[in-house]
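Q: One structure coming up, written as structure tokens, with questions to follow.
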Amino acid sequence: RFQACVYFASVFQAMSCGIHYLASVFMAVTPNFVCGFPGNVSSVLFHNSSASSIEDIWTLWTSAENYIVVQLENGEIWELDQCSRSKREASLDLAYEYEGNKSVFPCSDGFLYDDMKWKSTVVTQWDLVCDREWLAKLIQPTFMLGVLVGAVIFGDIADRLGRQRVIWFTSAGQFVFGIAVAFTFDYYSFVIVRFLLAMVSSGYLVVAFVYVTEFAGIKARTWASMHVHAFFAMGIMIVALVGFLVRTWWVYQIFLSIATLPFVLCCWMLPETPFWLLSKERYEDAQKVIDTMARWNKVSTPCKVSELCSVQQDDLASGRAGDNDTSSTKKHNILDLFCNWQIARRTITVWLIWFTGSLGYYVFSLSSVSLGGNEYLNLFLIGAVELPCYIIACLAMDKLGRRNTLIPFLILSALICVLIMFIPQDFNILIILANMAGKFSIGVAFGLIYLYTAELYPTIVRSLAVGSGSMMCRVGSVVAPFCVYLRSVWIFMPLVATVYFFQLLVGIMALLSGILTTMLPETLGKPLTNTLVEATEMGRNKKSCSEKTPPAHSVAASEKIEMFGHERVGTDK
1 RFQACVYFAS VFQAMSCGIH YLASVFMAVT PNFVCGFPGN VSSVLFHNSS
51 ASSIEDIWTL WTSAENYIVV QLENGEIWEL DQCSRSKREA SLDLAYEYEG
101 NKSVFPCSDG FLYDDMKWKS TVVTQWDLVC DREWLAKLIQ PTFMLGVLVG
151 AVIFGDIADR LGRQRVIWFT SAGQFVFGIA VAFTFDYYSF VIVRFLLAMV
201 SSGYLVVAFV YVTEFAGIKA RTWASMHVHA FFAMGIMIVA LVGFLVRTWW
251 VYQIFLSIAT LPFVLCCWML PETPFWLLSK ERYEDAQKVI DTMARWNKVS
301 TPCKVSELCS VQQDDLASGR AGDNDTSSTK KHNILDLFCN WQIARRTITV
351 WLIWFTGSLG YYVFSLSSVS LGGNEYLNLF LIGAVELPCY IIACLAMDKL
401 GRRNTLIPFL ILSALICVLI MFIPQDFNIL IILANMAGKF SIGVAFGLIY
451 LYTAELYPTI VRSLAVGSGS MMCRVGSVVA PFCVYLRSVW IFMPLVATVY
501 FFQLLVGIMA LLSGILTTML PETLGKPLTN TLVEATEMGR NKKSCSEKTP
551 PAHSVAASEK IEMFGHERVG TDK
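What follows is the structure, encoded as structure tokens:
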């Protein structure tokens, strides 16, 4: 009961991460637009269609190459392009085609936007078009850059100060910065606040994975960790729903931000994990958490820390007094992820999988734009399709193991990337199915790597490992949006060739990741490790990381802690 309450409270807030990660999909959309004109319009002409206002013309607009002809009340006739306007000289008749002299002017009177679908976006709010279009294209990459920074910073802070404090701060930060985004006064303040929002959102997601992993026992660890992704996907579906109902960007942002307000009001009740408390030798605090677990789970004979660690409290005190080892109080950093060849090779492989999974996810999403149809429904389905993906991943991980599930899905995604290269362009349905299959396979690997990373590293650097992995993931996320914009600056490479190039790149990286994964240890059914020595031994390498294993942090103790939270309350018979 205790673990269930803590788990669902923690993963509920993961929805807000999915919400903020995808919010810019509708918030920063660029509608149809043309250059503004100086005066009041009397008639509008678009090819063979005429109207009394530009609003009536937008339904006929088909391409950015088009232009609109307007006649003002003073008799002037203007041709309105997207980024310029031309005044016809000595023209009396309103006609679409004109071969006479024209004076070209910049869009000094602003722009006119099609507000039939979106009443207001950040693009229309601050005119992020034409020579300012690059500012709009930086909105998502800068957000992902904040996600990258937050993953490293808060992962390290969680290892130093505890998971509980980071969860408190990042939860409140998501709400505060989420609301603040809606009230920013210009583009630059908008980007800065969104950057801070990205940092706390990433920090919460990274630490939440570690938090639920350390509270869940071996039997439930797979499903508990993987379904954090399911709540993230639910956040994506919420974005689609709110985007369909609310078409003004700042109102849309406020509704998205208050979706998880209940968690912010009660997150202060979440306890610190016993694993982290034991790693910091805070045995009394760990005992209090264990006693609370016992009361909630109605265990009549709660275990003592001294029993779990197979040593009495007075022995621990005397042992620490005469021990020169400072491993428990050592300040760990990212260099500890490379303390010996075994751990370093593990880190490089894990980072490559993180990067490949993120880049692959966005490249397959780029290919899926050919689906067409309703964009809100498409986004909703993109979130919904992840749910069966994680269920299958969980079943495979529990039956086959983490490594044996990761390897075939990485190789499968590589094969699909190559297959897409040879599908003729006329076979649209086959291309769509292949893209969805590729996204599904890379999604399994992408979801699995969170849990696998948490299990591959010890308590003292677990948050740092997941955070650094997430950092590599966000490097892929930062790169991916520029792949979408490449066609507008690289005119010699068409969109199809661009997509194929990056799909081939993902395929090569996925194949390489799959091969390197064969050298990683299997973690299915094994207790979480607490020290780098234990993590190294799990890889069947007896080299030392210059760190001794305290009795209180033994593998046996870890097994007993997990057994206490689950087996003793009758969930494992």
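Under this note's numbering, the first residue of the sequence shown is numbered 1, with each subsequent residue one higher. Note that CB positions come from ideal geometry on N, CA and C, so glycine has one too. Please read all numbers here as calculations on a predicted model, not as lab measurements.
Only counting the same chain, and skipping five residues up and downstream in sequence, which positions put a Cβ closer than 6 Å to that of F2?
A: Within the same chain, Cβ atoms closer than 6 Å to the Cβ of F2 are found at M293, W296 and N297, the five residues on either side in sequence being excluded.
Q: Just to confirm the assignment, what range does the alpha helix (DSSP H) spanning S225 have?
A: I218 to L245
Q: Hey, quick one: how far does the alpha helix (DSSP H) through E79 stretch, first residue to last?
A: Taken as a continuous stretch (DSSP letters only), E79 belongs to no alpha helix (DSSP H), being part of the beta strand (DSSP E) at I77 to L80.
Q: Between the alpha carbons of A396 and G110, how many angstroms are there, rounded?
A: 56 Å
Q: Considering only the beta carbon of each residue, do V587 and V228 sit closer than 8 Å?
A: Residue 587 is absent from the structure shown; the chain starts at 1 and stops at 573.
Q: Closest by CA to K399, which one among F190, E522 and T260?
A: E522
Q: Can you grab the Cα-Cα spacing for the pair Y376 / Y7, in whole Å?
A: 30 Å
Q: Relative to the alpha-carbon of T222, which residue among T536, A151 and L524 has its alpha-carbon at the smallest distance?
A: L524
Q: Taking the straight line between their C-alpha atoms, what separation do you get for L72 and M116?
A: 23 Å
Q: Closest to G203 by C-alpha separation, out of S468, L504 and S513, would be which residue?
A: S468
Q: Can you tell me whether DSSP reads C394 as helix, strand or coil?
A: Looking at C394 - three-state DSSP - the assignment turns out to be helix.
Q: When burial is assigned at 16 or more other CB atoms within 10 Å of the CB, is R132 buried or exposed?
A: Counting the other CB atoms within 10 Å of its CB gives R132 a total below 16, which places it among the exposed residues.
Q: I need the DSSP call for F8, collapsed to helix, strand or coil.
A: helix
Q: What does DSSP give as the partner residue(s) for C35 in the beta ladder?
A: F111
Q: Which residues share a DSSP beta bridge with L72?
A: Per DSSP, the beta bridge partners of L72 are V41.
Q: Does DSSP put K304 in a helix, in a strand, or in coil?
A: coil
Q: When the Cα atoms are used, what is the spatial distance from Q287 to R462?
A: Distance from the CA atom of Q287 to the CA atom of R462, rounded to whole angstroms, is 22 Å.
Q: Should Y450 be labelled buried (16 or more other beta-carbon atoms within 10 Å of its own) or exposed?
A: buried
Q: Grab me the residues of P271's own chain with a C-beta within less than 8 Å of its C-beta, minus the 5 sequence neighbours each way, in chain order.
A: Here the set comprises V6, Q164, V289 and T292.
Q: Below 8 Å, how does it come out for the stretch 503 to 510 and the stretch 166 to 178: are there three or more Cβ pairs, yes or no?
A: no
Q: Determine the extent of the alpha helix (DSSP H) in which V25 is found, giving its start and end residues.
A: Element bounds for V25: S24 to M27.
Q: On a CA-only basis, which of G383, G178 and V207 is nearest V152? Give me that one, please.
A: V207
Q: The alpha helix (DSSP H) that contains R403, what's its start and end?
A: R402 to M421
Q: What number of angstroms, rounded off, separates the C-alpha of A4 from the C-alpha of F209?
A: One C-alpha to the other measures close to 15 Å.
Q: Assign N435 to one of two classes, buried (16 or more other C-beta atoms within 10 Å of its C-beta) or exposed (fewer than that).
A: buried
Q: Which term fits A95, buried or exposed, when burial requires 16 or more other beta carbons within 10 angstroms of its beta carbon?
A: exposed
Q: Thinking C-beta only, is L128 closer than 8 Å to L135?
A: yes
Q: Inspect the beta-carbon positions of T213 and S16 and report whether they are closer than 8 Å.
A: Contact flag unset, no.
Q: Kindly indicate which three-state DSSP category K288 falls into: helix, strand or coil?
A: helix
Q: Evaluate I429 with the Cβ neighbour count: other Cβ atoms within 10 Å of its Cβ, from every protein chain shown; 16 or more gives buried, anything less gives exposed.
A: exposed
Q: What's the call for I411, buried or exposed, on a 16-neighbour Cβ count within 10 Å?
A: By the C-beta density criterion, I411 is buried, having at least 16 other C-beta atoms within 10 angstroms.
Q: With which residues is K87 paired in a DSSP beta bridge?
A: Looking at the DSSP output, K87 shares a beta bridge with W78 and S103.
Q: Comparing alpha-carbon positions, which option in L456, G360, Q13 and K439 lies nearest C595?
A: Nothing about residue 595 can be reported from this structure: the residues present for the chain run from 1 to 573 only.
Q: Going by C-alpha distance, which of T121, K119, T356 and S84 is nearest V104?
A: S84
Q: Relative to the C-alpha of T349, which candidate in L516, L60 and Q174 has its C-alpha closest?
A: T349 has its Cα closest to that of L516, out of L516, L60 and Q174.
Q: With DSSP run on the structure shown, which of helix, strand or coil describes Q312?
A: Any reading at Q312 is ruled out, since the residue's pLDDT is 41, under 50, leaving its predicted position unreliable.
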